[in-house]
Amino acid sequence: MLMQTNYDSFFYSYHDMFFATKKQMIDQILKDHKNLKETNLFIQYILSFHGNNYFFDKNVPQHENILKKNSLKNVNDITVSEYFINGKEVYKCNNKKFLSFELAIKDCSTNNNNIIIKTTPKPVITNVILKNDSSEKYAHIFSARIWYKIWMGCNYQCYSQNKFQFLREINQYRYAHGSLKLAENLKLSMYTQMIAEKTAKLYKKREQIRLENVAILTYDNAPMLIKKWYDENIYYNYASNSIIQKAKHFTAMVWMRTKQIGFGIVDVNKELLILISYEPVPNTPHLFTKNVFKRKI
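In full-length UniProt numbering, the protein residues as written are 1 to 297.
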């Protein structure tokens, strides 16, 4: 799926993940399909959308080899197709559905002598969003819906000149988990900005950065940051009363006792260093069960 954010910028979607460039998406696809020959791996174009408008771009190849070395002129040449629906991979061959690639190959090999080609279609977000299901297995779909609502039509100027998009997205996630909205504290932002500028100097010197809630990313990837942190919820155990390192950005974001937030954003070496501070400080030991709750909507 090709997702257009504005007139000169594109985002791409695969397996409910967003990518700032097509190369990043392809790298992830190759990583997920190491056991397949690259010459036999194709991407199937599904749909494009801009704003609330969905359309099929005839100029985009419907079936494109992952390395762009060849294309399929006949869809019937495809033996196995992979789909990602409701958080699960589903495979289709000979008009039959399979829960594993191996079963699909077995069926195809006995009924078809054609080459085994695995395509990876990228479903449109709205096709995989279920009714307000709050189950954690649909967390990526939920965050994709929030991300699209907040960031569509926003370019570099949108987030470099103010932090409202970050704050809006964070507050959407907090609301979903039963926490009150955060308000930006200007003094806290001034302090956070000062720390961010000092941190940027360390980064230029390639010194280790020891801070929480900090990230260094390209301009294109900046809008993905909050969603990426929120999606750490898949690692969180709501019965735990201690910090889980893989989910620390998520728990900090939805921490109930937190009331205020501060931002620091520095342009460094054609990248953005983004630092976020919370007040009161989240992730307090032994208070997780009183501050981090499951999604309610």
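Note that CB positions come from ideal geometry on N, CA and C, so glycine has one too.
Which whole-angstrom value is the C-beta distance of residue i and residue j, which I expect to be below 8 Å?
i: T218; j: E279; result: Their Cβ separation, rounded to whole angstroms, is 29 Å, which puts T218 and E279 out of contact at 8 Å.
i: F263; j: K163; result: 4 Å
i: I276; j: I261; result: 7 Å
i: F288; j: G178; result: Contact doesn't hold; Cβ gap of about 14 Å is too wide.
i: W255; j: P223; result: That pair is no contact at about 23 Å.
i: E197; j: K248; result: 24 Å between Cβ atoms; not a contact.
i: M253; j: I170; result: 6 Å
i: L167; j: L180; result: Actually they are not in contact, since the Cβ atoms of L167 and L180 sit about 13 Å apart, beyond 8 Å.
Between residue i and the rest of its own chain, which residues show a CB-CB distance below 8 Å, the 5 nearest in sequence each way excluded?
i: V90; result: E82, Y83, F84, K97, F98, L99
i: K296; result: S134, A176, H177, G178
i: N113; result: In this predicted model, N113 has a pLDDT of only 48, less than 50, meaning its place in the structure is not dependable enough to derive any value.
Go through its chain and collect everything with a Cβ distance to residue i's Cβ below 6 Å, but skip five positions before and after it.
i: I146; result: Q172
i: A215; result: L225, I274
i: H286; result: N241
i: R257; result: P280, N291
i: L67; result: E38
i: Y238; result: K294
i: S189; result: G262, F263
i: residue 346; result: As displayed, the chain neither begins before 1 nor continues past 297, which places residue 346 out of reach and without an answer.
i: F101; result: Y91
Apart from the five residues just before and just after residue i, which ones in its own chain have a Cβ nearer than 7 Å to its Cβ?
i: T21; result: D220
i: F250; result: W229, Y230, E232, N233, Y236
i: C93; result: T79, V80, A104, D107, C108
i: H15; result: F84
i: I195; result: G264, L275
i: T199; result: I209, L211, V214, L273, L275
i: M25; result: Y12, Y14, F19
Start and end of the alpha helix (DSSP H) containing residue i?
i: V254; result: 248 to 254
i: F164; result: 164 to 176
For residue i, list the residues DSSP reports as bridge partners.
i: N94; result: Paired residue(s): none; N94 is not in a bridge.
i: A215; result: I274
i: E184; result: I261
i: Y14; result: M17
i: N89; result: Residue identity check: residue 89 is Glu in the sequence provided, not Asn. In DSSP, E89 forms a bridge with F84.
Where do the ends of the beta strand (DSSP E) carrying residue i lie?
i: Q24; result: Q24 -> not in any beta strand (DSSP E); alpha helix (DSSP H) instead, spanning 22 to 32.
i: Y230; result: No beta strand (DSSP E) holds Y230; the alpha helix (DSSP H) holding it covers 225 to 230.
i: S277; result: 271 to 279
i: I261; result: 260 to 268
i: L41; result: 41 to 44
i: E64; result: 63 to 65
i: F19; result: 17 to 19
Mind checking whether the beta-carbon of residue i lies closer than 7 Å to any heavy atom of the ligand SAM?
i: I261; result: Only the bare structure without any ligand can be found here, which leaves the ligand SAM out of the picture.
So does the stretch 243 to 253 actually touch the stretch 34 to 42, counting three or more Cβ pairs closer than 8 Å? Using a C-beta cut-off of 8 Å, the stretch 243 to 253 makes no contact with the stretch 34 to 42, since fewer than three inter-stretch Cβ pairs fall below that distance.
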